[in-house]
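Single-structure report; data block below.
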Amino acid sequence: MTDALSAAAEPNRRRILQLLATGPLTVSEIASDFTVTRSAISQHLLVLADAGLVDAEKLGRQRIYRVLPSGLRRLQAEIDRFWTDELDQLVADAHTLRSTT
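Numbering follows our numbering, with no gaps: position 51 of the sequence shown is 51.
Okay, here's the thing in structure tokens:
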């Protein structure tokens, strides 16, 4: 099983999650927002499904994909464990450096 943070780290997969956050979509509907092939989108969806972030319902010849709230909660928990006070300090230092240059 792919971990949710790794799966969501890829930009195309993050965009897919954003699209699915608006509601269930077919692969074709998702692919219409990308310049990559429908096959590539299907591969990204498989990674997201393996990570437990999306699931699919077969409806005739199509699969309807949707975000799994439980997967997003796990992803948020992983981000929360990763994001420490040290990272907050790093961000603050970066803002300070940017404002002095």
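C-beta: ideal position from N, C-alpha, C; glycine also.
Straight-line gap, residue i to residue j (C-alpha atoms, nearest Å)
i     : j     : result
GLN89 : HIS95 : 10 Å
ALA51 : ARG13 : 11 Å
LEU25 : GLY60 : 14 Å
ARG74 : THR2  : 12 Å
ARG63 : ILE41 : 13 Å
THR35 : ALA8  : 19 Å
ARG38 : ALA49 : 16 Å
SER32 : VAL54 : 18 Å
For residue i, three-class secondary structure by DSSP
i      : result
THR26  : strand
ASP174 : There is no way to answer for residue 174, as the model of the chain reaches only from 1 to 101.
ASP93  : helix
THR84  : coil
GLU78  : helix
THR2   : coil
Extent of the continuous beta strand (DSSP E) run through residue i
i     : result
ASP61 : A small fix is needed here, since residue 61 is Arg in this sequence, not Asp. Here ARG61 belongs to no beta strand (DSSP E), and DSSP marks it neither H nor E.
Enclosing alpha helix (DSSP H) for residue i [first to last residue]
i     : result
ASP33 : Per DSSP, ASP33 belongs to no alpha helix (DSSP H) and is neither H nor E.
ASP50 : 38 to 50
*Should the segment 30 to 47 be called in touch with the segment 77 to 86, which here means at least 3 C-beta pairs below 8 Å?*
no
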